[in-house]
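Visitor: For what it's worth, this note's numbering labels the leading residue of the sequence shown as 118, then goes sequentially. We treat Cβ as the ideally placed atom computed from N, Cα and C, and that holds for glycine. This is the structure I want to talk about, given as structure tokens.
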Amino acid sequence: MAKDVGDLVSWQSIASARLDNLLNDNIHLRSMVETVKENQKSMENKEIVIFLICLIFGFLAFLRLLADMLLSIYASCSVRRTEKPRKFCCMSSSWFFLVLSCSTIMLILSI
118 MAKDVGDLVS WQSIASARLD NLLNDNIHLR SMVETVKENQ KSMENKEIVI FLICLIFGFL
178 AFLRLLADML LSIYASCSVR RTEKPRKFCC MSSSWFFLVL SCSTIMLILS I
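So this is what it looks like as structure tokens:
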């Protein structure tokens with residue numbers, strides 16, 4: 118009978134130690150999950166800011182390209198059309214690249 122009581126006490130201490138380990142692991146995992154949630158929220162906020170910046174710069178570049186195109190159309194219809202006949206709708210490649218890159222980044226972030 119004393120041996121059974123000793124076995125029961127040792128089983129109880131082993132079970133208690135395992136439960137304490139599980140409790141400590143649970144606390145550690147909960148803190149890690151909270152850290153991941155905070156990092157995810159921060160990344161989502163950064164994603165929104167990047168999306169808005171790309172939207173603004175893409176819109177400005179699009180307006181610049183549109184203005185350049187309208188000016189070249191106006192210049193081709195004006196009296197000075199014989200000066201540069203091949204420059205009709207000639208766009209700056211840097212502005213076009215800016216529109217393209219902003220559109221690509223916005224597309225990637227929106228998916």
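What three-state label does DSSP hand M223 in the structure shown?
Guide: Numbered from its first residue, the sequence shown carries residue 223 at position 106. DSSP places M223 in helix when its eight states are reduced to three.
Visitor: Helix, strand or coil: which one does DSSP assign to M118?
Guide: Here residue 118 refers to the residue found at position 1 of the sequence shown. If DSSP states are grouped into helix, strand and coil, M118 belongs with coil.
Visitor: Using DSSP with H/G/I as helix, E/B as strand and the rest coil, what is S189?
Guide: Reading the sequence shown from its first residue, position 72 is the one you call residue 189. In the structure shown, S189 sits in a helix (DSSP, three-state: H, G or I).
Visitor: Among residues of its own chain, excluding the 5 on either side of S220, which ones have a beta-carbon nearer than 7 angstroms to its beta-carbon?
Guide: Start at 1 with the first residue of the sequence shown, and residue 220 comes out as number 103. Same-chain partners within the cutoff: G175.
Visitor: I need the straight-line Cα distance from R181 to V166, nearest angstrom please.
Guide: Here residue 181 refers to the residue found at position 64 when the sequence shown is read from its first residue. Here residue 166 refers to the residue found at position 49 when the sequence shown is read from its first residue. Distance between the alpha carbons of R181 and V166 is about 23 angstroms.
Visitor: Assuming F168 contacts L224 under a Cβ cut-off of 8 angstroms, what Cβ separation, rounded to an integer in Å, is found between them?
Guide: Looking up residue 168 in the sequence shown gives position 51. Looking up residue 224 in the sequence shown gives position 107. Not a contact, Cβ separation roughly 10 angstroms.
Visitor: Between the alpha carbons of L139 and V122, how many angstroms are there, rounded?
Guide: Reading the sequence shown from its first residue, position 22 is the one you call residue 139. Reading the sequence shown from its first residue, position 5 is the one you call residue 122. Using only the alpha carbons, I get a separation of about 25 angstroms.
Visitor: If you draw a straight line from the C-alpha of V216 to the C-alpha of S210, how long is it?
Guide: Position 99 of the sequence shown, counted from the first residue, corresponds to residue 216. Position 93 of the sequence shown, counted from the first residue, corresponds to residue 210. Cα to Cα, V216 sits roughly 10 angstroms from S210.
Visitor: What three-state label does DSSP hand I228 in the structure shown?
Guide: Mapped onto the sequence shown, residue 228 falls at position 111. Of the three classes helix, strand and coil, the one that applies to I228 here is coil, per DSSP.
Visitor: With 16 as the cutoff for other CB atoms within 10 Å, does C171 come out buried or exposed?
Guide: Along the sequence shown, read from residue 1 onward, the residue named residue 171 stands at position 54. Flag for C171 reads buried.
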